[in-house]
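Trainee: Numbering (the numbering used here), first residue to last: 11 to 74. We treat Cβ as the ideally placed atom computed from N, Cα and C, and that holds for glycine. Since the structure is predicted, the reported quantities are computational estimates derived from the model, not experimental observations.
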Amino acid sequence: MKHLFILNDPPYGTERSYNALRDMFSSFMRRGGSVGVCGTCLDARGTMGQLTEWTAWADKVLVF
Numbered sequence: 011m012k013h014l015f016i017l018n019d020p021p022y023g024t025e026r027s028y029n030a031l032r033d034m035f036s037s038f039m040r041r042g043g044s045v046g047v048c049g050t051c052l053d054a055r056g057t058m059g060q061l062t063e064w065t066a067w068a069d070k071v072l073v074f
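1. I'd like the span of the alpha helix (DSSP H) that includes F74, first residue to last.
2. Within the continuous alpha helix (DSSP H) that includes L31, where are the two ends?
3. Once the 5 residues before and after A68 are set aside, which same chain residues still bring their CB inside 7 Å of it?
4. Indicate whether at least one CB of chain B lies closer than 8 Å to the CB of M11.
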């Protein structure tokens, strides 16, 4: 099953998302999982094209 996690924390001033997910991602990656990061979002929160593709690809979308 393919999952898409969307984290809605601000990019600065909080470590909540990082702290909550770092151990889970480490275990996930060791088991052959892959993690994608939207380059546009990292650069300047621009277009939504990549997010749209990932949403269509995923079997389940989880928003935090």
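Mentor: In short:
1. Segment: none, F74 is in no alpha helix (DSSP H) and carries neither H nor E.
2. First-last of the alpha helix (DSSP H) with L31: R26 to R40.
3. K12, H13 and L14
4. Structure shown: chain B not included; a single protein chain is present.
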